[in-house]
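Peer 1:
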Ligand code: F6P
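Residue numbers (our numbering): 3 to 346.
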């Protein structure tokens, strides 16, 4: 068999480990030929491809980013498309002409939606979930998430010393798109005193109360971790908005940090490397059994897969009763809603 592989959407650590997992399994175990497609779905429009062999795969495991390049090309997008253009049809024909028996699509929610549409057209697709946001429905974790959480946690750790030295409130904004997974996991791992996520509405007065309570207990500094997707006035960066609101509410000097793209850079953690390797290998196994139209999943430490039609378009957000939230509330960590104390 001859398979194609592409990476689409935002990059993240672990993509190259996934490419390595797919290709080394395909070549060594199944004797398949592998064609690397450059710049996501754009590469299928322009037939911008390269044959991948053992040599091209060396050094990938710990390398950040994607050796194939990526794009946010959405072939099924209708808005602003010239009349008569038929990108999906063009791509399907190019897949045929390239002699690809299947295309492995590595990407986030947008990619899974595009992959599902191609599968519905009868194109042979197997997809692998990829995003630091961890917001893809059907899989407990996506590779990239653990690395982003580790990077954010390290940054939060570093804020404690400067916050305590200056007796300040430090606000750090982390990524996550519309979900709060990175903020929740890194906020709890980094010892955040306040953690704001899109899934839990917050009230600045509750946040101020938590910070002033800490002051009254002899802790004149606080760490506030905010997800980029929380509600604000929409005019400033989330971190700047929250920092200003807190300083106004508490009178305590407050500073902000936006962690940004550092969360998507560098080498993946060992967890992400092994998750990527396992997902990549299983994608190739599905292809060998000609089981197409499915997304690889990781659930309760088992690798499996789900029909793309079941996954596409669904967002996995943080449930309000997530164990980390319950434990955090019981420890006095504020999630911005009213104060949770059973004994009050
Ligand atoms: O999906 C990953 C992500 O980093 C989000 O957390 C973030 O909101 C978005 O991508 C940024 O998109 P771009 O890379 O197009 O600026």
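Each residue gets a CB set at the ideal place from its N, CA and C atoms; glycine is no exception. Just so it is clear, the structure is predicted and the values come from calculations on it, not from any experiment.
To the nearest angstrom, how far is the alpha carbon of residue 264 from that of residue 223?
Peer 2: 25 angstroms
Peer 1: Closest to residue 322 by C-alpha separation, out of 316, 314, 331 and 315, would be which residue?
Peer 2: If we check each option's Cα against that of residue 322, 331 comes out closest.
Peer 1: What are the complete alpha helix (DSSP H) segments, minimum 4 residues, inside the region 81-114?
Peer 2: Runs of the alpha helix (DSSP H) inside the region 81-114: 89-99.
Peer 1: Under DSSP, the alpha helix (DSSP H) around residue 39 begins and ends at which residues?
Peer 2: Segment 35-39 is the beta strand (DSSP E) holding residue 39; no alpha helix (DSSP H) there.
Peer 1: Output the distance between the C-alpha atoms of residue 73 and residue 293, rounded to the nearest integer angstrom.
Peer 2: 27 angstroms
Peer 1: Determine whether the beta carbon atoms of residue 2 and residue 175 lie at a separation below 9 angstroms.
Peer 2: In the structure as shown, the chain starts at 3 and stops at 346, and residue 2 therefore has no counterpart that could be examined.
Peer 1: Whole angstroms are fine: how far does the CA of residue 248 sit from the CA of residue 206?
Peer 2: The straight-line gap separating the alpha-carbon atoms of residue 206 and residue 248 is approximately 7 angstroms.
Peer 1: Measure how close the beta-carbons of residue 9 and residue 70 come, nearest whole angstrom, since I'm counting them as under 8 angstroms.
Peer 2: 5 angstroms
Peer 1: Curious, which full-length alpha helix (DSSP H) runs of at least 4 residues does the region 109-169 contain?
Peer 2: The region 109-169 contains these whole alpha helix (DSSP H) runs: 111-122 and 147-168.
Peer 1: Is there a Cβ of chain B sitting closer than 9 angstroms to that of residue 176, yes or no?
Peer 2: Absent from the structure is chain B; it holds one protein chain and no more.
Peer 1: Contact check, residue 94 vs residue 125 under 8 angstroms by CB: the rounded distance?
Peer 2: 5 angstroms
Peer 1: Sorry if obvious, but does the Cβ on residue 110 come closer than 8 angstroms to a heavy atom of ligand 1?
Peer 2: Residue side-chain check: residue 110 places its Cβ nearer than 8 angstroms to a non-hydrogen atom of ligand 1.
Peer 1: Is residue 44 near ligand 1, going by C-beta to nearest heavy atom under 8 angstroms?
Peer 2: Answer for residue 44: no, Cβ out of range of ligand 1.
Peer 1: So which of 155, 204 and 216 has the shortest CA-CA distance to residue 187?
Peer 2: Considering only alpha carbons, the answer is 155.
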